[in-house]
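**Student:** Before we start, here is the structure in question, set down as structure tokens.
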Amino acid sequence: MLVRQMEAADHDAVLALNQGALDGVGPLTAEKLQEIVGYAEQSVVSTDGEGALAGFALTLPPGTPYDSLNYRWYVDQYEADDFAYLDRVVVAPEFRRRGVGTLLYNVLEERARARELMALEVYVEPPNEPSLAFHRGRGYTEVGRLDQPNGKKVAMLVKRVG
Ligand SMILES: CC(C)(COP(=O)(O)OP(=O)(O)OC[C@H]1O[C@@H](n2cnc3c(N)ncnc32)[C@H](O)[C@@H]1OP(=O)(O)O)[C@@H](O)C(=O)NCCC(=O)NCCS
2 MLVRQMEAAD HDAVLALNQG ALDGVGPLTA EKLQEIVGYA EQSVVSTDGE GALAGFALTL
62 PPGTPYDSLN YRWYVDQYEA DDFAYLDRVV VAPEFRRRGV GTLLYNVLEE RARARELMAL
122 EVYVEPPNEP SLAFHRGRGY TEVGRLDQPN GKKVAMLVKR VG
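Numbering (our numbering) for the sequence shown: 2 to 163.
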């Protein structure tokens, strides 16, 4: 298993992975993915020995025009703080619980050390139990909750990485 930079040739597989995980992440179109990658500080994929996509993740720095409600919440709340916003992470169902998320986060958090915080959100109503367990285990703590336009609620989680 390795982690490398996401390339344009990965986008179709990344989209498919995202659209298969809509209980945990927001929907994406090819255009939206392109836009987010354009803002991203880190856009990474994890692949297995045969090159199959096992997972991907995207982080954004503060100060981009990204229109996500959750990202804008961090921009407003953490005005004076420097954060890396983890927009989304998805591990392919057949690769879950095999350390792929851990591998991706080890890379993301290490590379985000120039910033103070890693910041993200996880659904709590209804709860995304695997993601909550994963992030709790990595030391993320809740700093707020936010209603979503889809009627769900997220917990805003941060971890000091700097
Ligand atoms: C959340 C997610 C990224 C975790 O990725 P993963 O590769 O399965 O995680 P790892 O194998 O590295 O797990 C590390 C630890 O997290 C915890 N964990 C992960 N999945 C868990 C689950 N389903 N139930 C309980 N604990 C879990 C465990 O402590 C695990 O360690 P262990 O397997 O040694 O017990 C993955 O479940 C996923 O892609 N979910 C769908 C998309 C999503 O919800 N993304 C997050 C949006 S906030």
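Glycine included, C-beta positions come from ideal geometry on N, C-alpha and C.
Per DSSP, which residues does residue 122 bridge with? Please list them.
**Tutor:** 157
**Student:** Closer than 6 Å by C-beta to residue 13: which residues in its own chain qualify, once you throw out the five before and the five after it? Chain order, please.
**Tutor:** none
**Student:** Just to check my reading of the structure: residue 117 and residue 82 have Cβ atoms closer than 8 Å, yes? What is that Cβ distance to the nearest angstrom?
**Tutor:** Contact flag correct, Cβ pair sits at about 5 Å.
**Student:** With three or more C-beta pairs closer than 8 Å as the rule, is the segment 15-24 touching the segment 69-82?
**Tutor:** no
**Student:** What did DSSP end up calling residue 82 once you bin it into helix, strand or coil?
**Tutor:** coil
**Student:** Over the uninterrupted alpha helix (DSSP H) stretch that includes residue 111, give me the two end residues.
**Tutor:** 101-112
**Student:** For residue 35, count neighbouring Cβ atoms within 10 angstroms of its own Cβ and tell me buried if that reaches 16, exposed if not.
**Tutor:** exposed
**Student:** Taking the C-alpha atoms as reference points, what is the distance between residue 57 and residue 64?
**Tutor:** 23 Å
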